[in-house]
Amino acid sequence: SSGINAEYGDVGGFSAKTMSHLELADATPGTVKFRMMVEKGDGNVYGTMHGGLGASLVDVCSSVAILSKCERWGISTDMQISYLKGAPVGQEIDIVAKCDRAGKTLAFSSCFIYNEKGDLLLKGQHTKFMGTPHVQLDTSE
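Note that the sequence shown covers residues 250 to 390 in our numbering.
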């Protein structure tokens, strides 16, 4: 959404598609919380959120959590995702992503997606290589 792009810069590309679904609910250094409505276009043949979108949410949200702590994007090296329960189309979900550790070359993060009742739907872990040059983000208004 425009709020996320205003906070973290216009990332463009594929990440922007995922970010356009998200509403930033809360952020502190190393932890970000988002809300999102699962829309018809986000669904699979069973009428629940597509697993590919879940993976993209883990990628993007945990990357923002890392960025909020160390101000670098990094490059994904590994993601592990467990799908525990489906999120039906039309349901709002909450996403909580945390930077568990950010070092000189690697950053480790976790991401959890919950339904409106607080049930855990998906959990993910994400590792990023942080040895890349800093990407300047335009955060000016």
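By construction, the Cβ of each residue, glycine as well, lies at the ideal position given by its N, Cα and C atoms.
Chain-order list of residues whose beta-carbon lies under 7 Å from that of residue i (same chain, five-residue window excluded)
i, result
"Gln329", "Gly373 and Gln374"
"Ile315", "Gly323, Cys348, Ala351, Ala356, Ser358 and Lys377"
"Asn364", "Ala336, Gln340, Ile342 and Leu370"
"Thr326", "Thr376, Lys377 and Phe378"
Residue i versus residue j: straight-line alpha-carbon distance, rounded
i, j, result
"Val345", "Asp308", "12 Å"
"Thr267", "Cys310", "9 Å"
"Leu306", "Ser269", "11 Å"
"Glu288", "Glu272", "14 Å"
"Thr277", "Cys360", "15 Å"
Nearest-angstrom Cβ-Cβ length linking residue i and residue j, presumed shorter than 8 Å
i, j, result
"Asp291", "Lys282", "The pair is not a contact, with the Cβ atoms about 19 Å apart (cut-off 8 Å)."
"Glu320", "Arg284", "Contact doesn't hold; Cβ gap of about 24 Å is too wide."
"Gly367", "Pro337", "Actually they do not touch by this definition, with Cβ atoms about 16 Å apart."
"Lys430", "Gly380", "In this structure the chain extends from 250 to 390, so residue 430 is not present and cannot be described."
"Phe303", "Tyr332", "The question names Phe, yet the displayed sequence has Gly at residue 303. Going by Cβ atoms, the distance from Gly303 to Tyr332 rounds to 6 Å, so yes, they are a contact pair."
"Met298", "Gly335", "7 Å"
With 16 other Cβ atoms within 10 Å as the buried cut-off, status of residue i
i, result
"Leu370", "buried"
"Thr313", "The sequence shown places Val at residue 313, rather than the Thr named in the question. Label assigned to Val313: buried."
"Met286", "exposed"
"Ala255", "Low per-residue confidence applies at Ala255: pLDDT is 45, beneath 50, and the placement is therefore not dependable enough to give any value."
Beta-carbon proximity list for residue i, same chain, < 6 Å, skipping 5 on both sides
i, result
"Ile362", "Ile342, Ile344, Leu370 and Leu371"
8 Å CB neighbourhood of residue i in its chain, flanking five on each side removed
i, result
"Asn293", "His299 and Gly300"
"Lys353", "Met379 and Gly380"
Closer than 7 Å to chain B by CB, residue i
i, result
"Glu341", "Checking the listed chains, one finds no chain B in this structure; it contains a single protein chain."
(request) Entirely within the segment 338–365 and at least 3 residues each: give me those beta strand (DSSP E) ranges in chain order. (result) 341–351 and 355–363
(message) Threshold first: 4 residues or longer. Then list the alpha helix (DSSP H) segments lying entirely within the segment 268–327, N to C.
(response) 300–319
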